[in-house]
Amino acid sequence: MSSDGQKAIIHFGGNDFFVGISPSGHAQTIESNSERHAAATPMELLLLALGSCTGVDVISILKKKRQLVTDYRIEVSGERRDEHPRAYTRLFVKHIVRGQGLSEQAVAQAIELSDQKYCSVAATLRGTAQIVTSYEIIEESNADAVV
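If you're matching positions, the sequence shown starts at 86 in our numbering and goes up one per residue.
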């Protein structure tokens, strides 16, 4: 097993704020006061990590399959335990793919490959939370295309 020399550093900034520095040196404000809504909470960052991890895979696979994707978004939500630790028990990942002449088979296969093989975040979370994946394909006419 390899650790890849990856180390995140999290500094306490006071007033329920933290500043996380990613292994690549990028700063992210994090807060533990979810009522204030001034920065993402650690559990919100987990949703973002899952969505972005799978999104990177899916869009890359669809490009290789020569699919004309004009817009793509991932909606991620979760159900958490009522008692502490308030871990996610189920995560819902919905892929919304817009494009021209998209193959439903190509989209479904790209999502499955990400979910089952490539997305490291999904692989990490799968041991403790069920991941439910779905998708929607929106066909776009030439008149709707954004170039």
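Positions of the beta carbon are idealized from the N, C-alpha and C atoms, including for glycine.
None of these values were measured; they are calculated from a predicted model.
- The straight-line gap separating the alpha-carbon atoms of Tyr220 and Ser205 is approximately 20 Å.
- Looking at Arg165, Asn227, Ile94, the one whose alpha-carbon comes closest to that of Ile216 is Arg165.
- Gly212 and Asn227 have their C-alpha atoms some 43 Å from each other.
- Sorting Met128, Ile95, Arg121, Lys92 by C-alpha distance to the C-alpha of Pro170 places Met128 at the top.
- With contacts defined by Cβ atoms closer than 8 Å, Leu153 and Gly184 form a contacting pair.
- Fewer than three beta-carbon pairs drawn from the stretch 134-150 and the stretch 115-123 are found closer than 8 Å, and the two stretches are therefore not classed as touching.
- If you ignore the 5 residues before and after Asp142, its C-beta comes within less than 8 Å of the C-beta of Ala195, Leu198, Ser199, Tyr203, Cys204, all in its own chain and listed in chain order.
- Secondary structure of Leu187 (DSSP, three-state): coil.
- Proximity to Asn100 across Ile94, Ser109, Ile115 peaks at Ile115, based on C-alpha coordinates.
- Residue pairing of His111 in beta bridges, as defined by DSSP: absent, with no partner found.
- Residue environment: Ile95 is assigned as exposed (fewer than 16 neighbouring CB atoms within 10 Å of its CB, all protein chains considered).
- Out of Ile181, Ser109, Val192, the CA that lies nearest to the CA of Lys150 is found in Val192.
- The closest CA to that of Gly90, considering only Phe102, Phe97, Gly98, Ser109, is found on Ser109.
- DSSP places Asp167 outside both helix and strand once states are collapsed to three, so it counts as coil.
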